[in-house]
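In the working numbering, the protein residues as written are 199 to 452.
The C-beta atom is built at its ideal place from N, Cα and C for all residues, glycine as well.
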(Lines of atoms letter the chains of each structure in order from A and count residues from 1; the text may use other names and numbers.)
(Lines give C-alpha, C1' and ligand atoms only; values in the text may rest on other atoms or scores of the structure.)
Protein backbone atom coordinates (compact mmCIF):
# COMPACT_ATOMS: atom_id res chain seq x y z
CA UNK A 1 0.00 0.00 0.00
CA UNK A 2 1.21 3.49 -0.85
CA UNK A 3 2.52 5.42 2.19
CA UNK A 4 0.30 8.24 3.39
CA UNK A 5 0.33 11.07 5.88
CA UNK A 6 -2.35 11.52 8.51
CA UNK A 7 -3.82 14.41 10.42
CA UNK A 8 -5.43 14.06 13.84
CA UNK A 9 -7.70 16.96 14.75
CA UNK A 10 -7.35 17.72 18.46
CA UNK A 11 -8.45 21.33 18.58
CA UNK A 12 -10.87 22.92 21.00
CA UNK A 13 -14.16 24.67 20.38
CA UNK A 14 -13.59 26.84 23.45
CA UNK A 15 -15.18 26.59 26.86
CA UNK A 16 -15.53 23.41 28.86
CA UNK A 17 -15.62 20.11 27.00
CA UNK A 18 -18.32 18.02 28.73
CA UNK A 19 -16.56 14.74 27.93
CA UNK A 20 -13.18 15.88 29.26
CA UNK A 21 -14.90 17.33 32.33
CA UNK A 22 -16.77 14.06 32.87
CA UNK A 23 -13.48 12.12 32.69
CA UNK A 24 -11.60 14.59 34.90
CA UNK A 25 -8.99 15.63 32.32
CA UNK A 26 -8.18 18.88 30.55
CA UNK A 27 -8.69 17.55 27.00
CA UNK A 28 -10.62 14.53 25.78
CA UNK A 29 -7.58 13.29 23.89
CA UNK A 30 -6.06 12.65 27.33
CA UNK A 31 -8.87 10.38 28.49
CA UNK A 32 -7.49 6.91 29.23
CA UNK A 33 -8.94 3.71 27.88
CA UNK A 34 -7.33 0.48 29.05
CA UNK A 35 -4.27 2.37 30.19
CA UNK A 36 -3.76 4.41 27.00
CA UNK A 37 -4.95 7.88 26.12
CA UNK A 38 -7.39 8.26 23.26
CA UNK A 39 -4.71 10.22 21.44
CA UNK A 40 -2.23 7.35 21.76
CA UNK A 41 -4.78 4.81 20.55
CA UNK A 42 -5.53 6.85 17.44
CA UNK A 43 -1.87 7.48 16.63
CA UNK A 44 -0.93 3.82 17.01
CA UNK A 45 -3.83 2.69 14.80
CA UNK A 46 -2.83 5.13 12.06
CA UNK A 47 0.83 4.10 12.22
CA UNK A 48 -0.09 0.41 12.13
CA UNK A 49 -2.23 1.08 9.04
CA UNK A 50 0.78 2.54 7.22
CA UNK A 51 0.92 6.25 8.02
CA UNK A 52 4.54 7.35 7.89
CA UNK A 53 3.96 10.93 9.08
CA UNK A 54 1.26 12.11 11.48
CA UNK A 55 0.41 15.68 12.42
CA UNK A 56 -1.69 16.49 15.47
CA UNK A 57 -3.54 19.77 15.13
CA UNK A 58 -3.96 21.34 18.57
CA UNK A 59 -3.61 24.51 20.58
CA UNK A 60 -3.44 22.65 23.90
CA UNK A 61 0.09 22.36 25.35
CA UNK A 62 -0.94 19.23 27.28
CA UNK A 63 -1.64 17.42 24.01
CA UNK A 64 1.76 18.43 22.68
CA UNK A 65 3.41 17.15 25.84
CA UNK A 66 1.50 13.87 25.63
CA UNK A 67 2.49 13.41 21.99
CA UNK A 68 6.16 13.49 22.94
CA UNK A 69 5.67 10.39 25.09
CA UNK A 70 3.85 8.27 22.50
CA UNK A 71 6.05 5.85 20.57
CA UNK A 72 4.92 4.82 17.07
CA UNK A 73 6.61 3.84 13.84
CA UNK A 74 5.46 7.11 12.26
CA UNK A 75 7.08 10.53 12.53
CA UNK A 76 4.75 12.67 14.62
CA UNK A 77 4.54 16.41 15.09
CA UNK A 78 2.34 19.09 16.59
CA UNK A 79 0.66 21.45 14.14
CA UNK A 80 -0.93 24.68 15.40
CA UNK A 81 -4.71 24.55 15.35
CA UNK A 82 -6.63 27.33 13.62
CA UNK A 83 -10.02 28.78 14.62
CA UNK A 84 -11.84 26.25 12.42
CA UNK A 85 -11.40 22.57 11.45
CA UNK A 86 -11.49 23.39 7.74
CA UNK A 87 -8.59 25.83 8.00
CA UNK A 88 -6.66 23.35 10.16
CA UNK A 89 -7.08 20.65 7.52
CA UNK A 90 -6.06 23.02 4.73
CA UNK A 91 -2.94 24.19 6.56
CA UNK A 92 -1.97 20.64 7.54
CA UNK A 93 -2.44 19.32 3.99
CA UNK A 94 -0.01 21.89 2.63
CA UNK A 95 2.52 20.95 5.31
CA UNK A 96 2.11 17.16 5.43
CA UNK A 97 1.44 16.59 1.73
CA UNK A 98 -0.74 14.07 -0.08
CA UNK A 99 -2.31 11.59 0.13
CA UNK A 100 -3.65 12.67 3.51
CA UNK A 101 -5.99 10.83 5.86
CA UNK A 102 -7.89 12.99 8.36
CA UNK A 103 -9.48 11.83 11.60
CA UNK A 104 -10.08 13.04 15.16
CA UNK A 105 -8.44 12.39 18.52
CA UNK A 106 -11.68 11.03 19.98
CA UNK A 107 -11.89 8.12 17.51
CA UNK A 108 -11.36 5.86 20.52
CA UNK A 109 -12.03 2.48 18.88
CA UNK A 110 -10.11 3.12 15.65
CA UNK A 111 -8.51 -0.04 14.24
CA UNK A 112 -5.76 -0.33 11.59
CA UNK A 113 -7.90 -2.65 9.47
CA UNK A 114 -10.68 -0.06 9.29
CA UNK A 115 -8.23 2.46 7.89
CA UNK A 116 -6.65 -0.05 5.48
CA UNK A 117 -10.05 -1.15 4.17
CA UNK A 118 -11.09 2.47 3.66
CA UNK A 119 -7.95 3.31 1.71
CA UNK A 120 -8.31 0.17 -0.41
CA UNK A 121 -11.93 1.01 -1.24
CA UNK A 122 -11.38 4.65 -2.28
CA UNK A 123 -12.00 4.88 -6.07
CA UNK A 124 -8.79 5.46 -8.01
CA UNK A 125 -10.14 8.63 -9.64
CA UNK A 126 -11.43 10.27 -6.44
CA UNK A 127 -9.86 13.53 -5.29
CA UNK A 128 -11.53 13.24 -1.90
CA UNK A 129 -13.50 10.54 -0.08
CA UNK A 130 -15.46 10.19 3.14
CA UNK A 131 -16.14 6.99 5.07
CA UNK A 132 -19.69 6.25 6.24
CA UNK A 133 -21.33 3.33 8.00
CA UNK A 134 -24.79 2.02 7.12
CA UNK A 135 -27.25 2.29 10.01
CA UNK A 136 -27.74 -1.49 10.13
CA UNK A 137 -24.00 -2.05 10.65
CA UNK A 138 -23.83 0.56 13.41
CA UNK A 139 -26.85 -0.82 15.27
CA UNK A 140 -25.59 -4.39 14.95
CA UNK A 141 -22.22 -3.45 16.44
CA UNK A 142 -23.47 -1.06 19.15
CA UNK A 143 -27.26 -1.34 19.67
CA UNK A 144 -27.35 1.31 22.42
CA UNK A 145 -25.29 3.98 20.71
CA UNK A 146 -26.94 7.27 19.78
CA UNK A 147 -25.63 8.39 16.41
CA UNK A 148 -26.73 11.01 13.92
CA UNK A 149 -27.76 9.64 10.53
CA UNK A 150 -28.15 11.15 7.09
CA UNK A 151 -31.10 9.73 5.15
CA UNK A 152 -30.86 8.91 1.46
CA UNK A 153 -32.89 6.94 -1.03
CA UNK A 154 -30.67 3.90 -0.44
CA UNK A 155 -30.65 4.07 3.36
CA UNK A 156 -29.35 5.95 6.38
CA UNK A 157 -25.67 6.45 7.10
CA UNK A 158 -23.53 7.74 9.93
CA UNK A 159 -20.24 9.54 9.37
CA UNK A 160 -17.04 7.86 10.59
CA UNK A 161 -14.74 10.87 11.01
CA UNK A 162 -12.38 9.50 8.39
CA UNK A 163 -11.60 11.50 5.25
CA UNK A 164 -9.11 10.94 2.45
CA UNK A 165 -7.55 13.76 0.43
CA UNK A 166 -5.79 12.30 -2.58
CA UNK A 167 -4.25 15.43 -4.04
CA UNK A 168 -4.20 19.21 -3.98
CA UNK A 169 -7.50 19.43 -5.86
CA UNK A 170 -9.17 18.13 -2.71
CA UNK A 171 -8.47 21.51 -1.09
CA UNK A 172 -11.27 22.96 -3.22
CA UNK A 173 -13.68 21.08 -0.95
CA UNK A 174 -11.97 22.68 2.05
CA UNK A 175 -12.92 26.06 0.60
CA UNK A 176 -16.58 25.00 0.36
CA UNK A 177 -16.42 23.53 3.88
CA UNK A 178 -15.10 26.86 5.16
CA UNK A 179 -18.06 28.68 3.65
CA UNK A 180 -20.43 26.25 5.40
CA UNK A 181 -18.67 26.94 8.71
CA UNK A 182 -18.93 30.70 8.22
CA UNK A 183 -22.66 30.49 7.46
CA UNK A 184 -23.54 27.71 9.91
CA UNK A 185 -26.05 30.00 11.72
CA UNK A 186 -27.68 30.98 8.44
CA UNK A 187 -28.96 27.76 6.87
CA UNK A 188 -30.49 29.61 3.94
CA UNK A 189 -27.02 30.76 2.89
CA UNK A 190 -25.75 27.18 2.99
CA UNK A 191 -28.74 26.03 0.95
CA UNK A 192 -28.05 28.74 -1.60
CA UNK A 193 -24.41 27.66 -1.91
CA UNK A 194 -25.27 24.02 -2.47
CA UNK A 195 -28.01 24.84 -4.92
CA UNK A 196 -31.72 23.92 -5.08
CA UNK A 197 -31.27 20.63 -6.95
CA UNK A 198 -29.12 19.16 -4.16
CA UNK A 199 -31.26 20.55 -1.35
CA UNK A 200 -34.62 19.57 -2.83
CA UNK A 201 -33.36 16.18 -3.94
CA UNK A 202 -32.13 15.40 -0.43
CA UNK A 203 -35.25 16.67 1.34
CA UNK A 204 -37.52 14.67 -0.97
CA UNK A 205 -35.43 11.51 -0.59
CA UNK A 206 -34.56 11.35 -4.26
CA UNK A 207 -30.80 11.20 -3.89
CA UNK A 208 -28.73 8.15 -3.10
CA UNK A 209 -25.64 8.65 -0.95
CA UNK A 210 -23.40 8.43 -4.02
CA UNK A 211 -25.57 10.94 -5.92
CA UNK A 212 -25.40 13.48 -3.10
CA UNK A 213 -21.64 13.21 -2.55
CA UNK A 214 -20.87 13.34 -6.27
CA UNK A 215 -23.06 16.43 -6.73
CA UNK A 216 -21.45 18.26 -3.82
CA UNK A 217 -18.06 17.31 -5.24
CA UNK A 218 -18.96 18.75 -8.62
CA UNK A 219 -20.10 21.92 -6.87
CA UNK A 220 -16.58 22.21 -5.43
CA UNK A 221 -14.93 21.20 -8.70
CA UNK A 222 -13.61 17.82 -7.55
CA UNK A 223 -14.37 14.12 -7.83
CA UNK A 224 -15.81 13.16 -4.45
CA UNK A 225 -16.71 9.66 -3.31
CA UNK A 226 -18.58 8.07 -0.43
CA UNK A 227 -17.05 4.85 0.85
CA UNK A 228 -19.17 2.47 2.91
CA UNK A 229 -17.61 0.51 5.75
CA UNK A 230 -18.85 -2.82 7.11
CA UNK A 231 -17.37 -1.94 10.52
CA UNK A 232 -20.24 -0.37 12.45
CA UNK A 233 -18.05 0.63 15.40
CA UNK A 234 -16.14 2.94 13.07
CA UNK A 235 -19.01 5.42 13.48
CA UNK A 236 -18.60 5.54 17.28
CA UNK A 237 -16.54 8.44 18.56
CA UNK A 238 -16.55 10.15 21.96
CA UNK A 239 -18.72 13.24 21.59
CA UNK A 240 -20.57 12.98 24.88
CA UNK A 241 -20.25 11.26 28.27
CA UNK A 242 -22.53 8.41 27.23
CA UNK A 243 -20.18 7.69 24.30
CA UNK A 244 -17.29 7.33 26.73
CA UNK A 245 -19.31 4.95 28.88
CA UNK A 246 -20.09 2.91 25.76
CA UNK A 247 -16.51 2.60 24.51
CA UNK A 248 -15.29 1.71 27.98
CA UNK A 249 -17.89 -1.06 28.17
CA UNK A 250 -16.89 -2.31 24.72
CA UNK A 251 -13.16 -2.54 25.46
CA UNK A 252 -13.60 -3.63 29.07
CA UNK A 253 -12.20 -1.10 31.49
CA UNK A 254 -11.11 2.47 31.95
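CA-CA distance, residue i and residue j?
{"i": "residue 321", "j": "residue 222", "result": "42 Å"}
{"i": "residue 330", "j": "residue 233", "result": "29 Å"}
{"i": "residue 215", "j": "residue 225", "result": "7 Å"}
{"i": "residue 231", "j": "residue 255", "result": "21 Å"}
{"i": "residue 383", "j": "residue 376", "result": "For residue 383, the pLDDT reaches just 49, beneath the cut-off of 50, and the residue's location in the model is therefore unreliable, leaving the point undetermined."}
{"i": "residue 372", "j": "residue 348", "result": "20 Å"}
{"i": "residue 282", "j": "residue 275", "result": "19 Å"}
{"i": "residue 332", "j": "residue 294", "result": "31 Å"}
{"i": "residue 292", "j": "residue 415", "result": "20 Å"}
{"i": "residue 296", "j": "residue 307", "result": "25 Å"}
{"i": "residue 420", "j": "residue 316", "result": "19 Å"}
{"i": "residue 406", "j": "residue 449", "result": "34 Å"}
{"i": "residue 335", "j": "residue 312", "result": "14 Å"}
{"i": "residue 369", "j": "residue 324", "result": "13 Å"}
{"i": "residue 408", "j": "residue 354", "result": "12 Å"}
{"i": "residue 309", "j": "residue 403", "result": "33 Å"}
{"i": "residue 444", "j": "residue 346", "result": "16 Å"}
Specify, as a first and last residue, the run of the alpha helix (DSSP H) that residue i falls within.
{"i": "residue 448", "result": "439-449"}
{"i": "residue 296", "result": "Run containing residue 296: none; DSSP gives neither H nor E here."}
{"i": "residue 259", "result": "259-266"}
{"i": "residue 415", "result": "407-418"}
{"i": "residue 314", "result": "310-319"}
{"i": "residue 335", "result": "333-339"}
Which same chain residues, not among the five before or five after residue i, have their C-beta less than 6 Å away from its C-beta?
{"i": "residue 374", "result": "418"}
{"i": "residue 302", "result": "207 and 359"}
{"i": "residue 453", "result": "Residue coverage of the chain in this structure runs from 199 to 452, which leaves residue 453 outside it and unanswerable."}
{"i": "residue 435", "result": "304, 305 and 359"}
Could you tell me how far apart the beta carbons of residue i and residue j are, in whole angstroms, since I believe they sit closer than 8 Å?
{"i": "residue 327", "j": "residue 423", "result": "4 Å"}
Within the same chain, show all residues whose beta-carbon is closer than 8 Å to that of residue i, passing over the 5 residues directly before and after it, in chain order.
{"i": "residue 272", "result": "204, 241, 244, 245, 249, 250, 251 and 252"}
{"i": "residue 237", "result": "206, 208, 227, 228, 254, 261, 264, 265, 268 and 303"}
Grab me the residues of residue i's own chain with a C-beta within less than 7 Å of its C-beta, minus the 5 sequence neighbours each way, in chain order.
{"i": "residue 286", "result": "207, 209, 255, 279 and 280"}
{"i": "residue 428", "result": "335"}
{"i": "residue 201", "result": "248 and 250"}
{"i": "residue 412", "result": "422"}
First and last residue of the beta strand (DSSP E) that includes residue i?
{"i": "residue 358", "result": "353-363"}
{"i": "residue 274", "result": "273-278"}
{"i": "residue 426", "result": "422-426"}
{"i": "residue 255", "result": "249-256"}
{"i": "residue 203", "result": "202-207"}
Mind pulling the alpha helix (DSSP H) runs of 4 or more residues that sit fully within the segment 216-246? Correct list: 216-221 and 236-246.
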